[in-house]
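Only one structure is covered here, and it is reproduced in the block below.
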Amino acid sequence: MARRSTKQSKIGISRRLLKWMSILIVVVLTVMTVRIVSLNWVNPSSTAFMDAERDRLAELTPPRSITHIWVPYNRISTAAKRAVVAAEDAAFTQHDGVDWRAVESAIKDNLNRGKVARGGSTISMQLTKNLYLSASKSFFRKGAELVLTGIMELTLEKRRILEIYLNVAEWGVGVFGIEAAARHYFGVSAADLSESQAAWLASILPAPKRADRKRDAPWIAQKAEVIQARMQQVVVPR
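Heads up, the sequence shown is in numbering that gives the first Met the number 0, so the first residue is 0 and it goes up one at a time.
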């Protein structure tokens, strides 16, 4: 009798726990949906990545701050848009936020390695990560990234997604957004970036801090050359 009561008690606790976990998930998804929908009208002033970098730079001696300058989509050169799409997500305008072939390939690779090493990330997925998540590599974070990316693709147009991405992407030590990057590396505005300059900036997106410290690294020039050759083959939102 005592065993039956204990078993029933455990079942009851498990059900209540499951109920509250379900409620928590619904609340979190609702809050995140509202935040993502608001991006239709509100430009994000900061991101999870910016906050982390701001904290890191504040601990340096002497302390440093991040540089972030927002510019509207029509004040970003077409070359910059094409270069970033060519480098990061050539099928950007064709998929629903997830390049399933790339994800499938990444999953197989990750399972073989026993850890998350590749992500198969699209621009939409990268934006979700930059805004709300972290740089950690885990299956849980990847799952959250996929869910939030789905919400983003349902509620934001491709043009807006690319506009936000270009304005919040990390481009160097404390450098965020295409305008700050254009000024930091070339002394020009994002509107005046040439094809070669845009390709160079796109080439350093996977490792912006490393590139900032070693701007003449051969791999940057080689990758930029490949990107520039692909730029005219991609479609970007008008």
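For every residue, glycine included, the Cβ atom is placed at its ideal position computed from N, Cα and C.
Query: Can you tell which of Ala201, His183, Val25 and Ser195 has the C-alpha that lies nearest to the C-alpha of Ala89?; Result: Ala201
Query: Where does Glu52 sit, in a helix, a strand or coil, going by DSSP?; Result: helix
Query: What span of residues does the beta strand (DSSP E) with Trp69 cover, start to end?; Result: Looking at the DSSP string, Trp69 is not in any beta strand (DSSP E), and its letter there is neither H nor E.
Query: When you compare only the Cα positions, how much space is there between Glu152 and Glu194?; Result: 28 angstroms
Query: With a CB to CB cut of under 8 angstroms and the five nearest residues on each side skipped, what residues in its chain are close to Ala179?; Result: Thr66, His67, Ile68 and Trp170
Query: What is the DSSP secondary structure of Val167, reduced to helix, strand or coil?; Result: helix
Query: Is the beta carbon of Ala82 sitting closer than 7 angstroms to the one on Ala197?; Result: yes
Query: Buried or exposed: Ala86, going by 16 or more other Cβ atoms within 10 Å of its Cβ?; Result: buried
Query: Please report the Cβ distance between Gly126 and Tyr164, rounded to the nearest whole angstrom; I am assuming they are in contact, meaning their Cβ atoms lie under 8 angstroms.; Result: Per the sequence shown, residue 126 should be read as Leu rather than Gly. Their Cβ separation, rounded to whole angstroms, is 5 angstroms, which keeps Leu126 and Tyr164 in contact under 8 angstroms.
Query: Use the C-beta contact count for Trp218: other C-beta atoms within 10 angstroms, 16 or more gives buried, fewer gives exposed.; Result: exposed
Query: Given this structure, state the Cα-to-Cα distance separating Gly96 from Thr77, to the nearest angstrom.; Result: 21 angstroms
Query: Mark Asp215 as exposed unless 16 or more other C-beta atoms lie within 10 angstroms of its C-beta, in which case mark it buried.; Result: exposed
Query: Quick check: Leu56 and Gly173, are their CB atoms within less than 7 angstroms of each other?; Result: yes
Query: For Val174, which of helix, strand or coil comes out of DSSP?; Result: strand
Query: Rounded to whole angstroms, what is the Cα-Cα separation between Val30 and Asn39?; Result: 15 angstroms
Query: Cutting at 8 angstroms between CB atoms, please list the residues of its own chain near Arg237, excluding the five before and the five after it.; Result: Arg158
Query: Cβ of Gly176 versus every heavy atom of the ligand GDP: is any distance shorter than 6 angstroms?; Result: Judged by which ligands are present, the structure shown has none, so any question about the ligand GDP falls away.
Query: Report the three-state DSSP secondary structure of Pro61 (helix, strand or coil).; Result: coil
Query: If I follow the unbroken alpha helix (DSSP H) through Pro207, where does it start and stop?; Result: Pro207 to Arg212
Query: Can you grab the Cα-Cα spacing for the pair Asp98 / Ser123, in whole Å?; Result: 10 angstroms
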